[in-house]
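Following numbering that gives the first Met the number 0, the numbering of the sequence shown begins with 0 at its first residue and continues without gaps. Each residue gets a CB set at the ideal place from its N, CA and C atoms; glycine is no exception. In this text the structure is predicted, and so the values were computed from the model without any measurement.
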Amino acid sequence: MQYPEEKLISTMEMAGVDFLCTLPCDRIKGLIDLAARKIRSTPLTREEEGVGICAGAALAGRSPAMVVQSSGVGNMLNALMSLVSFYELPLAVFVSRRGVGGESIAAQMPMGQALPGLIESLGLEHTLIGDASQFAAIKETLERVYDEGRVHFFVMSPALWECSGAGYEPPADIEPCDAARLGPLSPRTKPRLRRYEFLKAAAPFLEEKAVVCNLGIPSKELYHVKDQPSNFYMLGSMGMATPIGLGIALNTGKEVVVIDGDGSLLMNPGTLATVAGASPKNLTIIAIDNGSYGSTGGQPTYTSACVDLEAVARGFGIRNTVKVSSAEKIVEALSSPPEGPYFVHALALPGNEKVPDVPIGHLEVKARVQEFLRRT
Ligand SMILES: Cc1ncc(C[n+]2csc(CCOP(=O)(O)OP(=O)(O)O)c2C)c(N)n1
């Protein structure tokens, strides 16, 4: 007899799911563990970054899915709406529903019980799954998700796992990162350039690479400095630039560059742990740190007071990092890059260049990037 977990995983495989992002729930620890043995899986620090990583995977031609707890859906709303749903990228979300059926943790109830209504209010689709006999019907829905670029939730009742025999054994030994062993950080010198001048200096190194650019003025400036079909201009989903770049990097042999910002990285810093853990050799993150939320008026961020993003990247386990504050230094950093993941911390002055909006629609932006990534 097959365990329900095994049945579900074979259904996913038959429907073509080939990339998973997961964050544990006690009820589905067996499912997540078994799934990772069959389908390429990336463990997450927060569910929202999973939406970004899956969006990147979908741009690179994968059929991604997430396996998370109902409370985690609350952590992913903005990226669901302003990234995958907006850009019409496919995403299947398998949710371990809590807060129902004899739940013992009271705090699980508000989110778990509200979940179906919440999904409906977002204008998204879901299927409630009460027992394993419904798994067969999932395949057809999944195929529609991937053919039509839709988001769909499979809300799985806790009753599903009552006859489960799949367990989970944590790994016996884990070797933690010792950041002190990675050597000293780069010296900090005064910034001399704005984001725009950094983009101009970096532009020759972006040629023929997949480039994911932070939302707002950075994307407009990049369009002005160097538009190319392989540029993914974000229009929403603040904090998702690095996750999207990671999702692409894990699913292509091409070089990937993320242009991120300090405000955006501070919104979702855990994703640097996911980058370090997944360790894609083809990923460079250029964090343009102007100490401010430049796109919304220049309000200071904590990097202008107490945070060193290079130290943050190191602390999360990214080994190859450098700090630059001039055109010559960023050119040097990008001319002979070490193996990725590579974190380039560009100290910049606040201020924006007056440039017009990106004149191409979001679906065309997506189509251009997908076409670029399809080319071998
Ligand atoms: C979730 C969310 N919160 C706030 C905003 C408004 N917003 C758009 S861009 C931006 C600033 C981003 O700052 P940073 O990443 O440092 O990039 P910069 O513009 O400074 O280059 C903010 C706050 C948003 N779009 N989404």
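Backbone CA spacing between residue i and residue j [nearest angstrom]
i       : j       : result
Glu-5   : Tyr-341 : 38 Å
Thr-302 : Ala-209 : 27 Å
Ile-285 : Val-256 : 7 Å
Leu-245 : Glu-47  : 13 Å
Glu-254 : Ala-131 : 42 Å
Cys-162 : Asp-32  : 17 Å
Gly-148 : Leu-192 : 40 Å
Ser-81  : Leu-181 : 37 Å
Met-111 : Arg-143 : Note that residue 111 is Gly in the sequence shown, not Met. When rounded, the distance between both Cα atoms is 26 Å.
Glu-168 : Ile-8   : 19 Å
Gln-369 : Asp-288 : 29 Å
Leu-90  : Ser-120 : 18 Å
Arg-187 : Lys-328 : 12 Å
Lys-365 : Ala-171 : 43 Å
Leu-205 : Leu-362 : 22 Å
Val-354 : Asp-226 : 13 Å
Residues near residue i by beta carbon distance below 6 Å, same chain, minus five either side
i       : result
Asn-381 : Not covered by the structure: residue 381. The range shown for the chain is 0 to 375.
Arg-61  : Asp-17, Phe-18 and Asn-250
Ser-325 : Arg-191
Ser-70  : Met-110
Val-92  : Met-65 and Phe-152
Phe-134 : Lys-6, Leu-7 and Thr-10
Cys-24  : Gln-68 and Ser-95
Leu-431 : As shown, the chain starts at 0 and ends at 375. That puts residue 431 outside it, with no answer to give.
Val-150 : Val-83, Ser-84, Leu-90 and Leu-123
7 Å CB neighbourhood of residue i in its chain, flanking five on each side removed
i       : result
Leu-198 : Glu-220, Leu-221 and Val-224
Pro-337 : Asn-319
Met-108 : Gly-98 and Glu-102
Lys-43  : Per the sequence shown, the amino acid found at residue 43 is Leu instead of Lys. Within the same chain, Leu-43 has close Cβ partners Cys-20, Thr-21, Leu-22, Gly-49 and Thr-273.
Pro-299 : Gly-290 and Ser-291
Asn-213 : Met-233, Ala-240, Ile-258, Asp-259, Gly-260 and Ser-263
Met-266 : Met-237 and Gly-238
Gly-129 : Ser-156 and Ala-158
Pro-308 : In the sequence under discussion, the amino acid at residue 308 is Leu, which differs from the Pro named in the question. Closer than 7 Å at Cβ, skipping near neighbours: Asp-261, Leu-264, Ala-286, Asp-288, Thr-302 and His-344.
Beta carbon of residue i nearer than 8 Å to that of residue j
i       : j       : result
Val-330 : His-344 : no
Leu-348 : Pro-190 : yes
Pro-242 : Gly-339 : no
Gly-422 : Ile-247 : Residue 422 is absent from the model: the chain starts at 0 and stops at 375.
Val-94  : Met-155 : yes
Arg-45  : Gly-260 : no
Pro-3   : Leu-114 : no
Leu-30  : Val-66  : yes
Ala-310 : Leu-184 : yes
Leu-271 : Ala-312 : yes
Ala-376 : Leu-372 : The structure shown has nothing for residue 376, since the chain only spans 0 to 375.
Gly-235 : Phe-85  : yes
Gly-314 : Ala-178 : yes
Residue i: first and last residue of the uninterrupted alpha helix (DSSP H) it sits in
i       : result
Ser-69  : 69–72
Val-144 : 134–147
Cys-53  : 46–58
Leu-282 : No alpha helix (DSSP H) contains Leu-282, which is instead part of the beta strand (DSSP E) from 282–288.
Leu-19  : Segment 18–21 is the beta strand (DSSP E) holding Leu-19; no alpha helix (DSSP H) there.
Val-330 : 326–334
Val-99  : Careful: Val-99 lies outside any alpha helix (DSSP H) and carries neither H nor E.
Residue i: CB within 7 Å of a non-hydrogen atom of ligand 1
i       : result
Ser-291 : yes
Asn-77  : yes
Asn-267 : no
Thr-295 : yes
Arg-194 : yes
Ser-263 : yes
Asn-260 : Sequence check: residue 260 is Gly here, not Asn. Yes, since a heavy atom of ligand 1 falls inside the 7 Å radius drawn around the Cβ of Gly-260.
Leu-346 : no
Leu-214 : yes
Val-300 : What sits at residue 300 in the sequence shown is Thr, not Val. Under cutoff, so the answer is yes.
Ile-287 : yes
Met-237 : yes
Pro-217 : yes
Unbroken beta strand (DSSP E) run spanning residue i, endpoints
i       : result
Ala-248 : It is not in any beta strand (DSSP E) - Ala-248 instead sits in the alpha helix (DSSP H) that spans 240–248.
Gly-260 : 255–260
Glu-4   : Where Glu-4 is concerned, there is no enclosing beta strand (DSSP E), although the alpha helix (DSSP H) it sits in stretches over 3–13.
Val-224 : Unbroken run through Val-224 is the alpha helix (DSSP H), 216–225; no beta strand (DSSP E).
Lys-322 : 319–323
Met-155 : 150–155
Phe-93  : 90–95
Ser-40  : 40–42
Val-357 : Unbroken run through Val-357: none, as it is neither H nor E.
Val-83  : Val-83 -> no beta strand (DSSP E), and no H or E assigned at all.
Val-341 : The question names Val, but residue 341 in the sequence shown is Tyr. Tyr-341 -> beta strand (DSSP E) spans 341–346.
Thr-126 : 124–128
Tyr-232 : 230–232
Val-211 : 209–212
Cβ-based neighbour list, residue i, same chain, cut-off 8 Å, excluding 5 preceding and 5 following
i      : result
Gly-15 : Ser-62, Leu-141, Glu-142 and Tyr-145
Proximity test, residue i beta-carbon vs ligand 3 heavy atom, cut-off 7 Å
i       : result
Gly-260 : Because ligand 3 does not appear in the structure shown, any question about it cannot be addressed here, the ligands present being ligand 1.
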